[in-house]
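Have a look at the structure below, then the notes.
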Amino acid sequence: MEPDRSKDERRLVEKAQRALVAMQLGEDEEALDQVAPSATEHEDRSAETRELMLMLFGECSAMVATLGDGGSAPVKVQVFDEDGEEVSIDQADPPVRTAVRTLLAEVHGNTEAAEEQVEIALASAAPEEVASLVLQALRWTIRLSTECLERDLPVTEWISEALKD
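Numbering-wise (my numbering), the sequence shown opens with residue 38 and increments by one.
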């Protein structure tokens, strides 16, 4: 019997919404608790985390496209070190590097490459690096949606609902 995809997707969206609320309140640990996989098997836990990250990066990609006027106005992605100095993607911490590469792949319509980046992170990154990657995806979702909303640009309903004042 095939699992109910819409039910699983709804559950994932609800978890992401709760995490976004926690992030807005500055509660990173609570945000991570909200998106912690509910599955018991390692493989299922990884799949749930992968789906969450791909959903968030997909939404971020859509907002980058919206902010970039459908691709006609470039949106710059900058990476900064802990001192606030801009660095190349290759000099960034591994979770940030993965996040940037995943987002760029999504922005350029290469979902397969985005999935590969997330798969590599889940297979080889330490748990704290995976947590950092999830937090990065949540932060970007908040920042990009805030920018879109301030410019009266569309934002996916489930995100705008979570970020209401």
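Cβ coordinates follow ideal geometry from the N, Cα and C atoms, glycine included.
Could you say which of 54, 45, 43 lies nearest to residue 199 if we only look at CA atoms?
-> Start at 1 with the first residue of the sequence shown, and residue 199 comes out as number 162. Of the candidates 54, 45, 43, the one whose C-alpha sits nearest the C-alpha of residue 199 is 54.
Under the three-state DSSP convention, the category residue 123 falls into = As a position in the sequence shown, residue 123 is number 86, starting the count at 1. Looking at residue 123 - three-state DSSP - the assignment turns out to be strand.
Give a yes or no on whether the C-beta atoms belonging to residue 150 and residue 137 are separated by under 8 Å.
-> In the sequence shown, counting from the first residue as 1, residue 150 sits at position 113. In the sequence shown, counting from the first residue as 1, residue 137 sits at position 100. Against a cut-off of 8 Å, the Cβ pair of residue 137 and residue 150 comes out as no contact.
Which of helix, strand or coil DSSP assigns to residue 116 = Residue 116 sits at position 79 when you count from the first residue of the sequence shown. Note: residue 116 maps to strand in three-state DSSP.
Could you spell out where the alpha helix (DSSP H) holding residue 87 opens and where it closes?
-> To locate residue 87, count along the sequence shown from 1; it is residue 50. Looking at the DSSP string, the run of the alpha helix (DSSP H) that includes residue 87 is 79 to 104.
Distance between beta carbons of residue 196 and residue 80, contact taken as under 8 Å = Taking the sequence shown and counting its residues from 1, the one referred to as residue 80 is at position 43. Taking the sequence shown and counting its residues from 1, the one referred to as residue 196 is at position 159. About 28 Å; that fails the 8 Å criterion.
Contact between the stretch 184 to 193 and the stretch 163 to 175 (3+ Cβ pairs under 8 Å) = no
Among the residues of its own chain, which have a CB less than 7 Å from the CB of residue 82, if the five just before and after it don't count?
-> For the purposes of this step, residue 82 is taken as residue 45 along the sequence shown, with counting starting at 1. Taken in chain order, the residues that qualify are 74, 76.
Residue 90 beta carbon less than 8 Å from that of residue 144 | Sequence index remark: in the sequence shown, residue 144 carries index 107 (1-based). Sequence index remark: in the sequence shown, residue 90 carries index 53 (1-based). Not in contact: residue 144 and residue 90 (Cβ atoms no closer than 8 Å).
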